[in-house]
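One structure below.
There are 2 protein chains.
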Amino acid sequence: MEIFVAKSSGFCFGVKRAINLANKCASETQGAIYTLGPIIHNPQVVKKLEESHIFAKKGIDEITQGTIIIRSHGAKLDELRAAKEKGLNVIDATCPFVKKAQDLVSHLSDEGYSVVVVGEKDHPEVKGLISYGSAEIRIADSPEGLQDLPRKKKIGIIAQTTLPMEKLEAVVSFCLNKASELKVFNTICNATSIRQKESGELAEMVDCMVIVGGRNSANTRRLAEICRGIQPRTYHIEVADELAPEWFRGASRVGVTSGASTPDWVINDVVERLKALESK
Amino acid sequence: MEIFVAKSSGFCFGVKRAINLANKCASETQGAIYTLGPIIHNPQVVKKLEESHIFAKKGIDEITQGTIIIRSHGAKLDELRAAKEKGLNVIDATCPFVKKAQDLVSHLSDEGYSVVVVGEKDHPEVKGLISYGSAEIRIADSPEGLQDLPRKKKIGIIAQTTLPMEKLEAVVSFCLNKASELKVFNTICNATSIRQKESGELAEMVDCMVIVGGRNSANTRRLAEICRGIQPRTYHIEVADELAPEWFRGASRVGVTSGASTPDWVINDVVERLKALESK
């Protein structure tokens with residue numbers, strides 16, 4: 079059984095930066111350190127950070143003092159304001175690509191565009207993004223979600239950074255019929271599209287695909303969805319322990335890929351376990 | 079044999095306006111009157127105007143004095159300048175929708191966008207449009223024509239007013255991958271899209287379609303293309319004389335539609351001839 083690991087798997091730039099900032103903070107800070115929500119969507123990493131006394135809290139209300147790390151997905155504007163009002167020490171680990179998208183939402187709103195954020199309503203990045211715009215901002219990850227959008231003079235569009243390109247294209251095409259002027263910022267992170275493209279190509283050449291990453295990670299789930307559409311024998315796992323030998327029966331080539339928030343050590347564990355299966 | 083005429087057939091707003099301006103000019107002007115190219119893409123109308131002493135000239139070089147009518151498709155900026163320099167009396171019959179698109183090309187160029195005009199390279203409207211932008215402007219009616227487009231900071235897109243929506247959508251989707259910022263003006267004239275939609279719907283319910291209009295009219299040819307895709311028994315004619323009885327053998331329902339530059343009297347001739355066929 080040959081094992082192929084996607085070149086683009088492992089932490090993306092933004093996640094790597096957030097984890098580095100958190101580790102640096104842990105080594106330099108005496109008091110309590112919190113993250114607003116899990117710093118990245120990977121339970122194994124969040125657990126590891128707890129060993130360094132960095133704890134994920136659900137909301138800003140639960141934090142009264144100490145240091146707060148804004149996770150890679152960013153935060154809502156009112157959360158940032160509340161943190162400042164409380165006098166918390168704020169470490170901003172928002173991914174620079176997300177930061178850019180936040181600025182663009184604000185810019186489009188200021189310029190009078192009706193803003194559409196192409197993304198998932200419940201994703202923390204999207205919740206953060208919309209807080210930078212006017213109240214009327216719309217969220218949709220497909221034209222179906224915009225059927226009731228009235229005709230507008232001008233529509234401004236940005237995308238959740240981890241969105242597949244086709245979703246942005248579909249919404250842009252739809253909005254062309256809803257306004258005579260569109261301003262579109264393609265804020266989809268290049269790392270995401272490269273990863274999706276490469277994983278899809280890998281799925282085409284193997285007999286079985288393993289996707290490694292948090293079940294709460296939208297970009298990992300999306301990778302699994304893409305690969306499953308190409309290779310039905312696709313399995314989404316968080317850790318090596320979940321691998322079942324029967325999945326690989328008769329498979330001569332196995333592909334491994336991971337979401338942007340999956341650390342190398344988790345991926346290496348999976349590869350080692352696959353090698354062990356092979357030698358059995 | 080039942081005959082159905084598309085409600086949207088006949089002159090569009092811009093063509094009607096151009097013909098009215100030409101007729102008004104003929105009744106008020108003593109000297110020579112010229113149009114820069116045929117005033118609209120319909121040989122029958124152009125012939126009729128010759129009876130009112132309005133003559134189509136190929137280029138501005140052929141005109142030294144008198145009145146010049148700028149046709150509904152608009153003119154190139156250097157042609158307008160030359161007309162003024164020659165002291166010609168200029169009657170501007172450019173369709174207001176085309177005028178708007180010309181202004182937008184100029185606006186996008188001024189704002190530093192790399193401009194893409196989605197349209198047909200050889201169409202007079204497009205030749206006029208690009209003269210309002212910078213030298214680097216690109217023309218394409220599909221992504222294939224933009225394969226060599228280098229990555230740009232920001233791309234501005236406008237469309238030939240008579241283009242099918244799908245062509246604009248395809249180029250916009252393509253350009254999303256070529257720049258992080260797009261500004262798109264949907265300059266496709268509503269009359270064109272309504273006409274295309276309605277003609278397609280008509281083609282679905284009949285046994286035979288007749289498209290009436292100039293063979294040199296891009297929007298008429300496009301209607302024929304759309305209808306033929308739905309109903310293979312589609313015939314593009316300029317005048318009633320071309321109708322052949324064998325086309326309608328066994329047909330119980332016939333649809334008639336026309337381009338934006340086809341006058342009502344030509345359409346009425348066709349309908350009368352069809353009725354005569356039926357009674358035979």
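Line by line, the protein sequences are chains V and U.
Sequential numbering of the first sequence, starting at 79, is according to the numbering used here.
Sequential numbering of the second sequence, starting at 79, is according to the numbering used here.
Beta carbons: idealized from backbone N, C-alpha and C, even for Gly.
Check your understanding: Along chain V, in chain order, which residues have C-beta atoms closer than 8 Å to that of residue 246(U)?
Key -> 254
Practice item. Please look up how many angstroms separate the CB atoms of residue 312(V) and residue 345(V), rounded, as I've assumed it's under 8 Å. Key: Not a contact, Cβ separation roughly 16 Å.
Exercise for review: Starting from residue 268(V), follow the alpha helix (DSSP H) in both directions and report where the run begins and ends.
Suggested key: 268-283
Check your understanding: According to the neighbour-count rule (16 or more other Cβ atoms, all chains shown, within 10 Å of its Cβ), is residue 274(U) buried or exposed?
Key -> buried
Point to revise | Contact check, residue 281(V) vs residue 171(V), beta carbons under 9 Å | key: no
Point to revise | Selection of the stretch 249-278 of chain V by Cβ proximity to chain U, strictly under 8 Å | key: 250, 251, 254, 255, 257, 258, 259, 260, 261, 262, 263, 264, 265
Check your understanding: How about residue 283(U): is its C-beta nearer than 9 Å to some C-beta of chain V?
Key -> no
Check your understanding: Under the DSSP definition of a beta bridge, which residues are partnered with residue 287(U)?
Key -> 312(U), 333(U)
Review point. Which whole-angstrom value is the C-beta distance of residue 96(U) and residue 150(U), which I expect to be below 8 Å?
Key: 4 Å
Exercise for review: Compare the C-beta of residue 79(U) against all C-beta atoms of chain V and say whether one is closer than 9 Å.
Suggested key: no
Exercise for review: Give the straight-line distance between the Cα atoms of residue 225(U) and residue 253(U), rounded to the nearest whole angstrom.
Suggested key: 10 Å
Point to revise | Proximity winner among 340(V), 354(V), 347(V), relative to residue 91(V) (alpha-carbon distances) | key: 340(V)
Check your understanding: Should residue 153(U) and residue 206(U) be called a contact, given that it needs their Cβ atoms to be closer than 9 Å?
Key -> yes
Exercise for review: Write down the C-beta distance between residue 355(V) and residue 323(V) rounded to the nearest angstrom, noting that I regard them as a contact closer than 8 Å.
Suggested key: 5 Å
Review point. When the distance is taken between beta carbons, is residue 168(V) closer than 9 Å to residue 162(V)?
Key: yes
Review point. Does the separation of the CB atoms of residue 211(U) and residue 196(U) fall below 9 Å?
Key: no
Exercise for review: Could you tell me whether the stretch 286-300 of chain V touches the stretch 245-252 of chain V, using the rule of 3 or more Cβ pairs below 8 Å?
Suggested key: no
Check your understanding: Of all the options 191(V), 332(V), 239(V), which has the alpha carbon lying nearest to the alpha carbon of residue 216(V)?
Key -> 191(V)
Review point. Name the DSSP bridge partner or partners of residue 112(U)?
Key: 133(U), 146(U)
Check your understanding: Under three-state DSSP, which class holds residue 216(V)?
Key -> strand
**Study point:** C-beta contact flag for residue 86(V) and residue 239(V) at 9 Å
**Key:** no
Practice item. Give me the Cα-Cα distance between residue 119(U) and residue 234(V), rounded to the nearest whole angstrom. Key: 37 Å
Point to revise | Minimum Cβ-Cβ distance from residue 287(V) to chain A less than 9 Å | key: The question asks about chain A, but that chain is absent: this structure's protein chains are V and U.
Point to revise | With 16 other Cβ atoms within 10 Å as the buried cut-off, status of residue 84(V) | key: buried
**Study point:** Range covered by the alpha helix (DSSP H) that runs through residue 326(V)
**Key:** Per DSSP, residue 326(V) belongs to no alpha helix (DSSP H) and is neither H nor E.
Practice item. May I ask you to report which of helix, strand or coil DSSP gives residue 171(V)? Key: coil
Review point. To the nearest angstrom, how far is it from the Cα of residue 107(V) to the Cα of residue 255(V)?
Key: 53 Å
Review point. Measuring CB to CB, does residue 285(V) end up less than 9 Å from residue 337(V)?
Key: no
Exercise for review: List the endpoints of the continuous beta strand (DSSP E) containing residue 232(U).
Suggested key: 230-237
Review point. Among 184(V), 200(V), 305(V), 266(V), which residue has its Cα nearest to the Cα of residue 214(V)?
Key: 184(V)
Point to revise | With 16 other Cβ atoms within 10 Å as the buried cut-off, status of residue 261(V) | key: buried
Exercise for review: Give me the Cβ distance between residue 144(U) and residue 110(U), rounded to the nearest whole Å; I'm assuming they're in contact under 8 Å.
Suggested key: 4 Å
Review point. Ordered along the chain, which non-local residues of its own chain (more than five positions away) have a Cβ less than 6 Å from that of residue 331(V)?
Key: 80, 284, 285
Point to revise | Chain-order list of residues whose beta-carbon lies under 6 Å from that of residue 122(V) (same chain, five-residue window excluded) | key: 344
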